Each structure stands twice: as C-alpha cells, then as structure tokens.
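First residue of the sequence shown: 64, per the numbering used here; consecutive thereafter.
Glycine is no exception: its CB is placed at the ideal position from the N, C-alpha and C atoms.
Keep in mind the model is a prediction, meaning the values are calculated, not measured.
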Amino acid sequence: MAAHPVRLGPARPRARRAPQRRLARRETRGDRLPHRRGLAHPGAPAVYAEWPSADPEAPTVLVYGHHDVQPAAREDGWDSEPFAPVVRDGRLYARGAADDKGQVFFHTLGVRAHLAATGRTTPAVHLKLLIEGEEESGSPHFRALVEQHADRLTADSVIVSDTGMWSEDTPTVCTGMRGLAECEIRLYGPDQDIHSGSFGGAVPNPATAAARLVAALHDEHARVAIPGFYDGVVELTDRERELFAELPFDEERWLRTAKSHGTQGEAGYSTLERVWARPTAEVNGIGGGYQGPGSKTIIPSSAMVKLSFRLVAGQDPEHVREAVGDWVPAQLPDGIRHEITFSPATRPCLTPLDHPALRSVVRAMGRAFGTPSASPARAAPDRPPTSRTCSAHRCCSSASPSRPTAGTPPTRRSTWTCS
Ligand SMILES: [Zn+2]
Numbered sequence: 064m065a066a067h068p069v070r071l072g073p074a075r076p077r078a079r080r081a082p083q084r085r086l087a088r089r090e091t092r093g094d095r096l097p098h099r100r101g102l103a104h105p106g107a108p109a110v111y112a113e114w115p116s117a118d119p120e121a122p123t124v125l126v127y128g129h130h131d132v133q134p135a136a137r138e139d140g141w142d143s144e145p146f147a148p149v150v151r152d153g154r155l156y157a158r159g160a161a162d163d164k165g166q167v168f169f170h171t172l173g174v175r176a177h178l179a180a181t182g183r184t185t186p187a188v189h190l191k192l193l194i195e196g197e198e199e200s201g202s203p204h205f206r207a208l209v210e211q212h213a214d215r216l217t218a219d220s221v222i223v224s225d226t227g228m229w230s231e232d233t234p235t236v237c238t239g240m241r242g243l244a245e246c247e248i249r250l251y252g253p254d255q256d257i258h259s260g261s262f263g264g265a266v267p268n269p270a271t272a273a274a275r276l277v278a279a280l281h282d283e284h285a286r287v288a289i290p291g292f293y294d295g296v297v298e299l300t301d302r303e304r305e306l307f308a309e310l311p312f313d314e315e316r317w318l319r320t321a322k323s324h325g326t327q328g329e330a331g332y333s334t335l336e337r338v339w340a341r342p343t344a345e346v347n348g349i350g351g352g353y354q355g356p357g358s359k360t361i362i363p364s365s366a367m368v369k370l371s372f373r374l375v376a377g378q379d380p381e382h383v384r385e386a387v388g389d390w391v392p393a394q395l396p397d398g399i400r401h402e403i404t405f406s407p408a409t410r411p412c413l414t415p416l417d418h419p420a421l422r423s424v425v426r427a428m429g430r431a432f433g434t435p436s437a438s439p440a441r442a443a444p445d446r447p448p449t450s451r452t453c454s455a456h457r458c459c460s461s462a463s464p465s466r467p468t469a470g471t472p473p474t475r476r477s478t479w480t481c482s
C-alpha cells in the first residue's frame, strides 16, 4: 500500500542508517535545537533534543515521536520505492511520512514558525524532543529508557505526535488513548483425544467449554460480562459526546474502511464512542479439536481462546487481569482444567478537556486552520506490542495508551499508519 499522504515541504531522504545521528542533524537543521544527543540504552537509537526557554518560569513540554517504520518493499504494492520520498500532487509519499517522521518534522517546522512569528530567539516553553526507534516493534526498551533518563525527560506536558487528524480540513486533537490487555486461555479435558462413540455424552468437551466461554463474554447489550471489568471507567462527559457528534462521520465510508458489513457494539453508544471511549473485549482466536479434512469422531483433549481487551481511562490493567482470571474458571464445568497466559499490558490515558495544555493546543490549531476551535477526539493504541495490527481512538500509545485525533477512522488506524 502507498503511504498515507501528508502535506509536507520539500522531500527529504529517509533515515535508514544511523537514524540517531541523521535525525539529530536533519530534523533540527535550521531550528538549531541547541542541545541534542542520542540517549544511551540497549535498544535501537533514540534521539533527544532540548531547547530551554529564556523564561525560567515557562512550562516544560516534551514531544514524543518515533523514527522507525515497519518493513516495506515495492512488492507490497508501492508505486515507488518505499524509502525514497516522492512528491505527487503536492503530497509526499514515503515510508513513515505519516507514521511518524512526518509528525516529527512538523514539530520542528512548528518551532521555526513560532520563532519567526514572535521574533523570539528561544521558544515560549522549555522544549524537549524525544524520538525513539522501537515503536513499531512494541517499544521493548522504552520504559527502561524513560526510567534511566527520568531527570532529563521530566516535563509538565507530553505531546504525542504519533496520532492522526480527522481530515485535512477538520483540525482535531487526540486527547486520549485506549489501553490493551491480552491473554491466551488454554482448556484441557481428557488427557488425549478420545473416541466420541465410546465416551461422548459422558465427559466434558474442552471445545464446547471454549465456545461457552466465548459466548459468555458479552451480555445481550454487548457489554462485557466479566464482573469488575468496568470498575473505574471514566465515562464520557456530555461535552465530549457533543464534540464527537459534531465530527462529520460517514458511517458508510467508515464501514468501507473497516472492511466490515455492519456495525454492532455496546448499547447506548455511537460508533465513535465505542471505538474511542469505551472498553471492549474481543475474541482474537478460537481453536481446538480436529481441523483437517473430513471428520474425526473425537472429544478433543484441549482447546484455545485468545482474548484482548481495550481499556479506557480509569481502568487498571492489573485489575482487569484479575477479573479475567476469576471469571474464566467460573465458566468452566468440572473436569476442564485451564491455563491463562497474559501478555504485557498497555495502560490507557486521557487528558481532560479543560487541561491548560490542551486548551493551548486547541486554540493554536484553531488559529492555524482559521476555525474557532479544534475538536478533541480520542484514539487508541498505535499498535499492540505483540501484534502488527493497529487499532485506534480515545488515543493511546503502544508504550502507554491514549486517544488520537479525530478524523481518521479510529478503529482502523492500520489503514492510515501501518500501510
Ligand atoms: Zn507510529
């Protein structure tokens, strides 16, 4: 697929080798972020730069981005070399143009514009820039990096630019991201596959147990039926619901993007609310028993279910994990044993609409776009750490959850960031 297009200035080459050195040099060229360096850690290179304000009382803003991209080849369907930027119809097409090098580049343009417009020689805020190199592979070393350099990275506000916007002409800010918890459940019945003619009807079947487990996951209103799952959930405010509803949402178009033939979800919520601001449970995989051609009259010895949960602000992944751990055995009949394996979780995050930093961002975007205000939207994790599938809105980040900007189809972020 072609890269998601973003409007950029002159094409610039991709950073394929030594991204730390090249980015530090290129992305700050002309903007002269005076202090820049690579941050030492065991993972792929991370770039750090800072530019203190002349005003010692100014707040500190840390901008996060990433310079790595998913692998890509011409054979994937690109019209041009993925790593060689091409301008067509005023747009730059290249690997990472929209995820996330374009955003990083725009931050540097923003600094330049800010200085030019105000005549300042330093930014109005203490500016810090952290560009990591492992986002596309789940940021395995990011937590350690942040902890190791906590003193340097301390800030009043963090801006995550690894998100999107509703559309070119609808300025939006991503105010939150959903988190993620995932598990694999293995169910065990007989010690080996056994003959249904001899034993069928008299012993529990793990495949049946798996089906019942999945069927019990939601109630008739499509709410997650695990006791305690919704504990702590930060409900949508009336204002948020208004702002979501104001977005020009075309469900038919959204469905085409989703490659789905219908919508469904938690009763009482719109599609955008469901994908941005509500927690979910999904069955990612289910299996067990004979899968080959023809029939085989067995009671299988095991079955498997893979589940994932999108979490919203206020939910504690550890609490959800415990709730799932209590719920699963309660669904199983005697004679079915189980094992649950949880993957590392991602926490949700949400910035309140009345946060001063958010107000500033909205005001600035409104000015830049010539509109009175920009609509906040929520998004979802850029990408689950263990999966290549992107998701979306009440934004989140992979190392930590959140909401993306309105605009792009929230639930199918893959279509605009992972192409
Ligand atoms: Zn990204």
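- Shown here, residue 114 sits in a strand according to DSSP, grouped into three states.
- Non-local beta-carbon contacts of residue 371 in its own chain, meaning distances under 6 Å to residues more than five positions away in sequence, involve 245, 345, 347 in chain order.
- Residue pairing by DSSP places residue 428 opposite no residue, since no beta bridge is assigned to it.
- Classified as exposed, residue 327 has fewer than 16 neighbouring CB atoms from the shown chains inside 10 Å of its CB.
- Between residue 409 and residue 295, the C-beta gap is not smaller than 8 Å, which leaves the two residues out of contact.
- Residue 434 sits close to residue 234, with the two beta carbons spaced by under 8 Å.
- Three or more Cβ pairs drawn from the region 104 to 121 and the region 193 to 208 lie within less than 8 Å of each other, which places the two stretches in contact.
- In the DSSP assignment, the residues bridged to residue 128 are 194.
- Cβ contact annotation for residue 263 (same chain, cutoff 7 Å, sequence separation greater than five): 362, in chain order.
- Looking from the CA of residue 430, the closest CA among 100, 105, 134, 180 belongs to 180.
- In the three-state DSSP reduction, residue 372 falls in the strand class (E or B).
- Per DSSP, the continuous beta strand (DSSP E) segment holding residue 250 begins and ends at 242 to 251.
- DSSP places residue 235 in the strand class (E or B) of the three-state scheme.
- At least one heavy atom of ligand 1 falls within 7 Å of the beta-carbon of residue 129.
- Here DSSP, grouped into helix, strand and coil, assigns residue 434 to coil.
- When the beta-carbon positions are compared, residue 213 and residue 123 stay at least 8 Å from each other.
- Taking the Cα positions, residue 144 is about 7 Å away from residue 136.
- Around the beta carbon of residue 150, fewer than 16 other beta carbons sit within 10 angstroms, so the residue counts as exposed.
- For residue 143, the three-state secondary structure derived from DSSP is coil.
- DSSP, read as helix, strand or coil, puts residue 406 in coil.
- Pairing residue 155 with residue 341, the inter-Cα distance amounts to about 35 Å.
- With contacts defined by Cβ atoms closer than 8 Å, residue 375 and residue 297 form a contacting pair.
- Pairing residue 405 with residue 248, the inter-Cα distance amounts to about 9 Å.
- In this structure, residue 416 lies away from residue 316, with their beta-carbon atoms at least 8 Å apart.
- Residue 348 sits in a strand when the DSSP states are folded into three classes.
- Following the DSSP letters along the chain, one finds residue 221 inside the beta strand (DSSP E) bounded by residues 220 to 223.
- Here residue 380 is buried. Its C-beta has 16 or more other C-beta atoms within 10 Å.
- At a cut-off of 7 Å, the beta-carbon of residue 198 counts as near ligand 1: some heavy atom of the ligand is closer than that.
- Taking each of 225, 190, 153, 182 in turn and checking the Cα distance to residue 121, the smallest one comes out for 190.
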